[in-house]
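Residue numbers (my numbering), protein chains in the order written: chain A, 10 to 125; chain B, 54 to 165.
Quick reminder that beta carbons are idealized off the backbone N, C-alpha and C, glycines included.
Note that this is a predicted model, so its numbers are computed, not measured.
Have a look at the structure below, then the notes.
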Amino acid sequence: QQQVKQSPQSLIVQKGGISIINCAYENTAFDYFPWYQQFPGKGPALLIAIRPDVSEKKEGRFTISFNKSAKQFSLHIMDSQPGDSATYFCAASRIQEYSSASKIIFGSGTRLSIRP
Amino acid sequence: DGGITQSPKYLFRKEGQNVTLSCEQNLNHDAMYWYRQDPGQGLRLIYYSQIVNDFQKGDIAEGYSVSREKKESFPLTVTSAQKNPTAFYLCASSKDGIYGYTFGSGTRLTVV
Chain A
10 QQQVKQSPQS
20 LIVQKGGISI
30 INCAYENTAF
40 DYFPWYQQFP
50 GKGPALLIAI
60 RPDVSEKKEG
70 RFTISFNKSA
80 KQFSLHIMDS
90 QPGDSATYFC
100 AASRIQEYSS
110 ASKIIFGSGT
120 RLSIRP
Chain B
54 DGGITQSPKY
64 LFRKEGQNVT
74 LSCEQNLNHD
84 AMYWYRQDPG
94 QGLRLIYYSQ
104 IVNDFQKGDI
114 AEGYSVSREK
124 KESFPLTVTS
134 AQKNPTAFYL
144 CASSKDGIYG
154 YTFGSGTRLT
164 VV
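Listed below in structure tokens is the structure:
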């Protein structure tokens with residue numbers, strides 16, 4: 010119930026192509042779905058996030074597509090660049106409006122490499 | 054600039070020794086977290102704290118201990134009871150229970 014399953018484990022995309030990473034969750038109580046980007050030797054940084062009341066959110070070249078009925082969401086990176094090469098984590102949590110903390114469950118990560 | 058500072062960046066420990074990882078934040082966040090990262094396994098929650106002098110176990114708390122005596126600080130001790138301590142350890146904080154975390158740059162612990 011608490012798992013977030015992420016695929017693929019690794020991905021190689023040509024420069025200018027579209028990178029797609031998929032995630033699935035089980036717990037229907039989750040209502041916040043962030044994506045994190047991590048460069049080697051660094052901590053993850055929040056990239057983009059979505060709430061389940063919308064089916065798509067776009068920020069620049071990054072788009073989250075969300076399918077509530079299928080309990081799936083995906084990250085699309087348009088016009089992929091070598092600087093996008095990093096590990097990407099999808100995640101899910103249940104918003105706690107009256108708490109200072111929320112437990113975020115992370116996927117296993119996707120190592121993305123963009124070939125020049 | 055506000056942020057989270059983890060130290061040291063690299064740490065070597067002999068088997069049977071306890072070691073403490075430091076995490077300090079100046080973001081005025083109430084909640085702080087410790088995650089462990091292993092290749093192919095994502096991030097797993099060790100402990101988290103919502104307020105000073107209070108903390109809760111995460112999914113893999115065995116062999117670890119924490120303290121939260123100050124709002125800014127949340128040190129993690131890896132004890133000799135931790136069977137496989139070699140990993141990348143990440144500290145994070147959050148302002149509230151609505152949005153995501155801010156992470157530190159991590160400490161890579163190696164048992165030699």
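Counting only beta-carbon separations shorter than 8 Å, does residue i have a partner in chain A?
| i | result |
| --- | --- |
| B:Tyr142 | no |
| B:Ser158 | yes |
Please return the same chain residues whose Cβ sits closer than 6 Å to the Cβ of residue i, not counting the five positions on each side in sequence.
| i | result |
| --- | --- |
| B:Asn79 | Gly55 |
| B:Arg97 | Arg89, Asp112 and Ile113 |
| B:Met85 | Ser102, Phe127 and Ser146 |
| A:Phe42 | Ile59, Phe82 and Ala101 |
| B:Ser75 | Ser60 and Pro128 |
| A:Ser74 | Glu65 and Ser83 |
Sorted by chain position, which residues of the same chain lie with C-beta nearer than 7 Å to residue i's C-beta, five sequence neighbours on each side aside?
| i | result |
| --- | --- |
| B:Glu68 | Val164 |
| A:Arg70 | Ile86, Met87 and Asp88 |
| B:Thr139 | Leu162, Thr163 and Val164 |
Alpha carbon to alpha carbon, what distance is there between residue j and residue i?
| i | j | result |
| --- | --- | --- |
| A:Gln105 | B:Cys144 | 20 Å |
| A:Ser94 | A:Gln47 | 9 Å |
| B:Tyr184 | B:Val72 | What is shown of chain B runs 54 to 165, which leaves residue 184 of chain B out entirely. |
| B:Tyr154 | A:Ser78 | 27 Å |
| A:Lys112 | A:Arg103 | 7 Å |
| A:Pro17 | B:Gln109 | 32 Å |
| B:Leu162 | B:Thr58 | 16 Å |
| A:Phe98 | B:Tyr100 | 20 Å |
| B:Gly93 | A:Thr96 | 11 Å |
| A:Pro91 | A:Ala54 | 18 Å |
| B:Thr160 | A:Pro61 | 34 Å |
| B:Thr130 | B:Leu64 | 12 Å |
Report the neighbours of residue i on chain B: residues whose CB is nearer than 7 Å to its CB, in chain order.
| i | result |
| --- | --- |
| A:Leu55 | Gly153 |
Starting from the beta carbon of residue i, find every residue of chain A whose beta carbon is closer than 9 Å, and list them in chain order.
| i | result |
| --- | --- |
| B:Ser147 | Ser109, Ala110, Ser111 and Ile113 |
| B:Gly93 | Gln18, Ser117 and Gly118 |
| B:Ala84 | Ser108, Ser109, Ala110 and Ser111 |
Under 7 Å between beta-carbons, which chain A residues line up against residue i? List them in chain order, please.
| i | result |
| --- | --- |
| B:Leu98 | Lys112 |
What in chain B is Cβ-close to residue i, meaning under 9 Å?
| i | result |
| --- | --- |
| A:Pro61 | Those do not exist, as A:Pro61 stays about 14 Å from chain B at its closest Cβ, beyond 9 Å. |
Check: Of all the beta strand (DSSP E) runs that stay within the bounds of the region 56 to 94 of chain B, which reach a length of 3 or more residues?
Finding: 57 to 60, 63 to 66, 72 to 78 and 84 to 91
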